[in-house]
Each structure stands twice: as structure tokens, then as C-alpha cells.
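*Asks:* In my numbering, the protein residues as written are 2 to 196. Positions of the beta carbon are idealized from the N, C-alpha and C atoms, including for glycine. Predicted model, so just to flag it, every value in this text is computed and none were measured.
Have a look at this one:
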């Protein structure tokens with residue numbers, strides 16, 4: 002087969018499919034890296050995804066909110082899940098989250114009459130919630146100190162091993178640098194006088 006036939010036979014269908022493909026419609030999605038997402042009151046967006054930034058929703062978010070290394074503020078409604086890694090989730094009075102609220106290594110602060118449709122999960126963080134908060138699913142709260150226990154144990158073992166190795170190397174270095182002469186022979190017992 003000649004190169005031109007290979008080109009026509011294999012690349013032409015790929016080219017036709019690429020030209021016929023339709024772009025995905027994400028006009029109402031907000032995806033940011035380092036720039037905060039703000040949803041003004043009365044406005045609606047579909048999804049909010051934020052890396053190294055925060056989401057401030059005064060209006061409505063129709064679907065998911067996902068934030069890495071930033072904060073989430075819900076003053077209105079989030080109609081699906083709110084997920085936050087390494088930050089704070091704060092819901093104002095009368096706010097609602099229709100499905101799950103998940104916070105990993107961060108804190109959750111919920112005002113009066115906040116409603117969570119399904120589960121609230123706080124892994125290795127704290128929860129400060131008013132008594133009037135309604136969680137329709139499970140509440141799973143693992144405090145931060147539970148994460149510290151294995152870190153302290155592993156860190157202690159590593160420090161102990163490093164100290165043993167350091168002391169062994171120090172003794173080897175000292176023995177090589179300051180070679181000690183062999184110890185003198187033990188003293189001979191005193192001679193006994195003969196009668």
C-alpha cells in the first residue's frame with residue numbers, strides 16, 4: 002500500500018469525524034484556576050469547579066461545587082453536591098445543599114435553618130453547626146487529631162531510625178579519625194619474696 006492510500010484510508014475518516022464533532026455546551030459552568038468564582042444574587046450557574054481559589058455563591062448553583070485549596074460560601078442554594086478539599090465550607094442562614102456536603106481536611110460552618118439533603122461528611126476537620134441545621138442523611142465527622150496519630154507514629158519511627166543511623170556513623174567517624182592505640186597489657190602481679 003502506498004503512503005497516499007494509507008493517508009486516504011485511515012486519516013480521512015478521522016478528519017471527517019473530527020470536523021463533524023460538536024463541542025460540549027458548558028456555557029453555565031464555571032471552572033477556574035486561581036481566580037475566585039462569584040455567583041451574584043439572582044443568578045444561576047450549572048457547575049462550579051475551582052483550584053486554588055474560592056466559590057462565593059449568593060445565587061444558585063444548579064449542580065456540583067468542587068473546590069481544591071479554597072473556601073466555599075453558600076448563601077443561596079446548591080442543588081447538588083458541595084465538595085471541598087483543604088478549605089472551609091460556610092453556609093449562611095436558610096441556605097440549602099440538595100445532596101451531599103463533603104469536606105476533607107477543612108472545616109464546616111453552618112448557620113441557622115441550613116438544610117442538607119443527604120449526607121454530611123467532615124474528614125479530618127471540624128463542624129460548627131447551629132442546632133436548627135437539618136441533615137437528612139448521615140453525619141460522618143472524623144476529627145483532625147485522628148489523622149495526626151498515624152503521622153506521629155510513623156514520624157517517631159523514622160526519627161528513631163535516623164537517630165540510630167546517625168549515632169552509628171558518628172561512632173565510625175570518630176573511630177577512624179582518632180585511632181586509639183591498643184590497650185596496654187595488664188600489669189604483672191607483684192613478685193613474691195622468697196624465704
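I'd like to confirm the pairing. Which residues does DSSP put opposite residue 78 in its beta bridges?
*Replies:* DSSP output for residue 78 lists 61, 97 as bridge partner(s).
*Asks:* Can you tell me whether DSSP reads residue 171 as helix, strand or coil?
*Replies:* Helix, per DSSP.
*Asks:* Hey, how far is the Cα of residue 26 from the Cα of residue 69?
*Replies:* Here residue 26 scores only 43 on pLDDT, less than 50, and its place in the model should not be relied on; the value that follows carries that caveat. Each residue's alpha carbon lies about 24 Å from the other.
*Asks:* In angstroms, rounded to a whole number, what distance separates the CA positions of residue 167 and residue 53?
*Replies:* One C-alpha to the other measures close to 40 Å.
*Asks:* For residue 156, does the count of other Cβ atoms within 10 angstroms reach 16, so buried, or fall short, so exposed?
*Replies:* Exposed.
*Asks:* Taking just the CA atoms, how far does residue 195 sit from residue 189?
*Replies:* Distance between the alpha carbons of residue 189 and residue 195: 17 Å.
*Asks:* Exposed or buried, which one is residue 85 when buried takes at least 16 other CB atoms within 10 Å?
*Replies:* Buried.
*Asks:* Could you tell me the boundaries of the beta strand (DSSP E) in which residue 55 lies?
*Replies:* Note, residue 55: premise wrong, no beta strand (DSSP E); not H, not E.
*Asks:* Can the beta-carbon of residue 62 be found closer than 8 Å to that of residue 49?
*Replies:* Yes, the Cβ-Cβ distance between residue 62 and residue 49 is below 8 Å.
*Asks:* Beta carbon of residue 56, beta carbon of residue 87: below 8 Å?
*Replies:* No. Outside cutoff.
*Asks:* Here's the rule I'm using: 16 or more other beta-carbon atoms within 10 Å means buried, otherwise exposed. How should residue 91 be labelled?
*Replies:* Classification for residue 91: buried.
*Asks:* Please return the same chain residues whose Cβ sits closer than 6 Å to the Cβ of residue 134, not counting the five positions on each side in sequence.
*Replies:* Around residue 134: 111, 115.
*Asks:* Is residue 121 buried or exposed, if buried means 16 or more other CB atoms sit within 10 Å of its CB?
*Replies:* Label assigned to residue 121: buried.
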